[in-house]
Amino acid sequence: MQLNWSVKGTLALCALGTAGFAVAQGQALEPWQQAQKTEVWEPVPEVVSAPANGVPSDAIVLFDGSGLSEWESVKGGDAQWTVKDGVLTVLPGKGDIKTKRDFCDVQLHVEWKTPTDVDGMEGQQRNNSGIFFQQKYEIQVLDSYNNATYPNGQAGSVYKQTIPLVNAMRPAGEWQEYDILFTAPRFDGEKLVSHGYVTVIHNGVVVQNHTKILGTTEWIGAPKTIPHGCAPIQLQDHDNFVSFRNIWIREL
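Position one of the sequence shown corresponds to residue 18 (my numbering), numbered consecutively onward.
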């Protein structure tokens, strides 16, 4: 065995020497030899199945219509929202719910729907909710179809921070789709090392494109910088009967 390795080593050195001699003599490498210099063979990406209109095989299913085992109340104890016919609906007054798991960088898919009854509801009162990443950074959920409000508070906004590029709302009563890529902010102790970023695709349309998150979502006042680690996803009870379905997440 030692002899075989020695022979292989000698041959390899000879090959290298020959190549080096060729280069030294001004002989160009063959195209395939040049191409090999920029080939990267590792790591090999994991195989993930992605069925049409389905859930990727490496996703964590947060709600599939069967129950709230992945969720709990922010007040403590079980989540108290309504689950009926595969749909999760806010039960006003029961408070926000959050995932039992903590997350950092993620891809999140959420489908949501607002009621068709909008009599007397205008602006921020027209069936409002929100999706909070790490319980601090909100992507607005609101019936923004023919509903005037401040643009950095309409559906698809980073609430009170960044206006969506366009309004991609479907009418009330129709299911909306969010696909969100969230990069968490990084901290070194109390120091902010890098801001968070978010990309939001609403009904197949990009409405936030790698948008910098300026800090925590604040209803009054400017965003704040609060050091933290990975944390749950939170859905907001804003006293409206907003519904959700088909919620899944991938850790990135």
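Glycine included, each C-beta is placed from N, C-alpha and C at the ideal position.
Taking a contact to require three or more Cβ pairs closer than 8 Å, the segment 183 to 201 and the segment 144 to 159 qualify as touching. Following the DSSP letters along the chain, one finds Gln-193 inside the beta strand (DSSP E) bounded by residues 193 to 200. In the DSSP assignment, Gln-51 falls within the alpha helix (DSSP H) that extends over 48 to 53.
Annotated three-state conformation of Asn-163 is coil, per DSSP. The residue among Ile-218, Val-223, Phe-261, His-212 with its C-alpha nearest the C-alpha of Pro-240 is His-212. Asn-169 sits away from Gln-193, with the two beta carbons spaced by 8 Å or more. When only Cα atoms are considered, Ile-180 and Trp-98 end up about 29 Å apart. Going by beta carbons, Phe-261 and Leu-252 fall inside the 8 Å limit. Contact between His-126 and Asn-226 is ruled out by a C-beta separation of about 18 Å, above the 8 Å threshold. Judged by beta-carbon spacing, Ile-266 lies within the 8 Å limit of Val-123, meaning their Cβ atoms are closer than that value. Straight through space, the alpha carbons of Ser-66 and Trp-236 are spaced by roughly 40 Å. Annotation for Ser-146: Val-107, Trp-129, Val-158, Leu-159, Leu-252, Gln-253, Asp-254, His-255, Asn-257, Val-259 place their beta carbon closer than 8 Å to its own, counting only its chain and skipping 5 residues before and after.
With fewer than 16 other Cβ atoms from the protein chains shown falling within 10 Å of its own Cβ, Thr-55 counts as exposed.
Taken in chain order, the complete beta strand (DSSP E) segments of 3 residues or longer contained in the segment 112 to 170 are 114 to 116, 123 to 130, 145 to 150, 154 to 159.
Distances from the alpha-carbon of Asp-205 to those of Gly-246, Gln-44, Gln-50 put Gly-246 closest.
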